[in-house]
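Asks: Just dropping this structure here.
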Amino acid sequence: LAEYDTIVAFDPDWRELSEEQIQLVDDWLYKESGGMVVVSGPVYMDQWIQDKSLSKVRSFYPVEFNSRLLSIDDSKFGATTPWPIEFTREGQEADFLWLGSTAEESQRSWGEFDGVFGFYQVKGAKPGAAVYGRYSNPEASISDSKPVYLAEQFWGSGRVFYMGSGEMWRLREESDTYFEQYY
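First residue of the sequence shown: 58, per my numbering; consecutive thereafter.
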């Protein structure tokens, strides 16, 4: 792992890693300033989130997971229309999320993006995590809060960035440049 700066994990099945491998990832993030991008998905998330032996992996994530499995309707994957990502003030100021050279240009560019169709339902952000964006569908709200879609937290000296689904490829519908700049 020391040869890498970032791990990008799309809907990973963390059950495939041994306890020793998970500890190596933890040490790499926490002590070696590694970075990880974790992308939620509909295939493996429900299985590993409920696995008691994977509490260390859950701790990497900047979001709190629900303690029980939700029904398929609750997961919100597969909505019939796209919903824009509603950026928080922190999200608007985070230049790594900009789709332009200035905050204003980025806001215009994100405004052209139709949005995403789904997300993985989480309880909310962990204390100390930065929430950059929320899924804007009002029907998906929990209490008065829209679901977390983009969030980040420090894990020791490393960072973990969370995405609520793997739909950022949809940025290509607006511009290949937006897609490339995002990733």
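Just so you know, even glycine gets a beta-carbon here, dropped at the ideal spot from N, CA and C.
1. Classify GLN107: buried if its beta carbon has 16 or more other beta carbons within 10 angstroms, exposed otherwise.
2. Applying the criterion that 16 or more other CB atoms from any shown protein chain within 10 Å of the CB defines a buried residue, is SER166 buried or exposed?
3. Within its chain, find whatever has a CB closer than 7 Å to the CB of LYS183; leave out the 5 residues flanking it on each side and keep chain order.
4. Check whether the Cβ atoms of VAL275 and VAL188 sit closer than 9 Å, and answer yes or no.
5. Out of ARG216, SER198, TRP71 and GLU162, which has the shortest C-alpha to C-alpha gap to GLY185?
6. Does the Cβ of SER222 have 16 or more other Cβ atoms within 10 Å, making it buried, or fewer, making it exposed?
7. Grouping DSSP H, G and I as helix and E and B as strand, with all else coil, what is THR63?
8. Just to confirm, is the Cβ distance from SER193 to GLU143 under 9 Å?
9. I need the DSSP call for GLY181, collapsed to helix, strand or coil.
10. Out of curiosity, what's the CA-to-CA distance linking ASP62 and TYR87?
11. Rounded to the nearest angstrom, how far is the Cβ of ASP70 from that of SER97, given a contact under 8 Å?
12. Only counting the same chain, and skipping five residues up and downstream in sequence, which positions put a Cβ closer than 7 Å to that of TRP212?
13. Skipping 5 residues on each side, what residues in its chain have a beta carbon closer than 7 Å to that of ASP233?
14. Can you check which of these residues, GLU224, LEU156, GLY175 and VAL65, is closest to ALA136 by C-alpha distance?
15. Measure how close the beta-carbons of ALA59 and MET93 come, nearest whole angstrom, since I'm counting them as under 8 Å.
Replies: Looking at the atomic coordinates:
1. exposed
2. buried
3. PRO119, VAL120, GLU121 and GLN210
4. Nothing can be reported for residue 275, as the shown portion of the chain is limited to 58 through 240.
5. Taking the Cα of GLY185 as reference, the smallest distance to any Cα among ARG216, SER198, TRP71 and GLU162 is reached at ARG216.
6. buried
7. strand
8. yes
9. Assigned with DSSP and collapsed to three states, GLY181 falls in strand.
10. 13 Å
11. Their Cβ separation, rounded to whole angstroms, is 13 Å, which puts ASP70 and SER97 out of contact at 8 Å.
12. LEU86, TYR87 and PHE117
13. Same-chain partners within the cutoff: there are none.
14. GLY175
15. About 15 Å; that fails the 8 Å criterion.
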